[in-house]
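Structure, as structure tokens:
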Amino acid sequence: MTAFKNTLITCQKCGKRIAVKARDFEKGAIQCTHTGCGYLNPLVQSYYDERILLGLPSFGHLVYVANPVMKYPLRLGTNVIGHSPTCEVVVERYVHEGKCYISRRHCTLEVLFNKWTGRFRYQLQDGASDLDSHQYKNSLNGTQLNGYLLQNGEKMDLVDRGLLGLGGKDVFRLEAYLIPEKMLESYRVTKAIEPDETQ
Numbered sequence: 001m002t003a004f005k006n007t008l009i010t011c012q013k014c015g016k017r018i019a020v021k022a023r024d025f026e027k028g029a030i031q032c033t034h035t036g037c038g039y040l041n042p043l044v045q046s047y048y049d050e051r052i053l054l055g056l057p058s059f060g061h062l063v064y065v066a067n068p069v070m071k072y073p074l075r076l077g078t079n080v081i082g083h084s085p086t087c088e089v090v091v092e093r094y095v096h097e098g099k100c101y102i103s104r105r106h107c108t109l110e111v112l113f114n115k116w117t118g119r120f121r122y123q124l125q126d127g128a129s130d131l132d133s134h135q136y137k138n139s140l141n142g143t144q145l146n147g148y149l150l151q152n153g154e155k156m157d158l159v160d161r162g163l164l165g166l167g168g169k170d171v172f173r174l175e176a177y178l179i180p181e182k183m184l185e186s187y188r189v190t191k192a193i194e195p196d197e198t199q
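full-length UniProt numbering numbers the first residue of the sequence shown as 1 and each following residue consecutively.
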């Protein structure tokens, strides 16, 4: 039991260091004693092995609200959305009164896997990296998240059933992919937190 003597962890709430003893590891948690904190820090954590991502049937897709049969699959990682064939998600050139409001490389939707929750996170940003100059360029007509116009450089989370507006005219609904609970459980990894050794 002396293997855990003189070890430290960082409190998950206040960020201050806590001395951990063997009996705390036996209990599986330690309460922070710093003034005003009192957070009960678990000493066992679980996460989902990222091998679960291999062979998944989907990472979610966008549905064109004006015509729900139009669905655009997303991939894990960066999804540049626009009507250019260089995009990962190539949407139609929807025309309104003779004009298309969607830029060639309009916005970027990053699909990330959160190994702690077993859920996908969808981060939206107006614009995309230019293929030639590699500089980030904003769209001409803007990107909206549930009606809110994203500012230059701003990244926001798009949640399941959330609305993505391109150019103020065309709206897409996110249908996030939820990994089945039974599958998640088979990829759960549980281990003790590894504390830092004191000097």
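In this text, a Cβ means the ideal position worked out from N, Cα and C, and glycines have one as well.
As the structure is a prediction and not an experimental result, all values here were calculated from the model.
Practice prompt. Within 10 angstroms of the Cβ of A29, are there 16 or more other Cβ atoms? Answer buried if so, exposed if not.
Written response: Looking up residue 29 in the sequence shown gives position 29. Flag for A29 reads exposed.
Discussion item. Distance check for G167 and T10, CA to CA, integer angstroms please.
Written reply: Within the sequence shown, residue 10 is the residue found at index 10, counting from 1. Within the sequence shown, residue 167 is the residue found at index 167, counting from 1. Each residue's alpha carbon lies about 45 Å from the other.
Worksheet item: Does the beta-carbon distance from G60 to A176 come in below 7 Å?
Response: Taking the first residue of the sequence shown as 1, we reach residue 60 at position 60. Taking the first residue of the sequence shown as 1, we reach residue 176 at position 176. The answer is yes: Cβ separation under 7 Å.
Worksheet item: Apart from the five residues on each side of it in sequence, which residues of its chain come closer than 6 Å, Cβ to Cβ, to S103?
Response: Your numbering for residue 103 matches position 103 in the sequence shown. Here the set comprises G82, S139 and L140.
Worksheet item: Residues bridged to F172 by DSSP?
Response: Your numbering for residue 172 matches position 172 in the sequence shown. F172 is bridged to Y64 and L164.
Fill in: Chain-order list of residues whose beta-carbon lies under 6 Å from that of D126 (same chain, five-residue window excluded)
Indexing the sequence shown from 1 puts residue 126 at position 126. Within the same chain, D126 has close Cβ partners C107, N138, S139, T143 and L150.
Worksheet entry | Spatial neighbours of Y47 in its chain, beta-carbon cut-off 7 Å, leaving aside the 5 residues before and after | Sequence index remark: in the sequence shown, residue 47 carries index 47 (1-based). Closer than 7 Å at Cβ, skipping near neighbours: K115, W116 and V189.
Discussion item. Among the candidates D24, L54 and R51, whose CA atom is the shortest distance from the CA of L40?
Written reply: As a first step, residue 40 must be located in the sequence shown, where it is residue number 40. Looking at the Cα atoms, D24 is the closest of the given residues.
Fill in: Bounding residues of the beta strand (DSSP E) (the contiguous stretch that carries F113)
For this step, residue 113 is matched to residue 113 along the sequence shown. Note, F113: beta strand (DSSP E), C107 to N114.
Worksheet item: What does a CB cutoff of less than 7 Å around G87 pick up in its chain, not counting 5 residues either side in sequence?
Response: Start at 1 with the first residue of the sequence shown, and residue 87 comes out as number 87. In the sequence under discussion, the amino acid at residue 87 is Cys, which differs from the Gly named in the question. So the qualifying residues of the chain are V80, I81 and R105.
Item to complete: Report all residues from its chain with a CB closer than 6 Å to the CB of G153; omit the five preceding and five following residues, and keep chain order.
Response: Along the sequence shown, one-based indexing puts residue 153 at 153. So no residue of the chain qualifies.
Worksheet item: Looking at the structure shown, is R23 part of a helix, part of a strand, or coil, going by DSSP?
Response: Residue mapping note: residue 23 aligns to position 23 of the sequence shown, counting from 1. Of the three classes helix, strand and coil, the one that applies to R23 here is helix, per DSSP.
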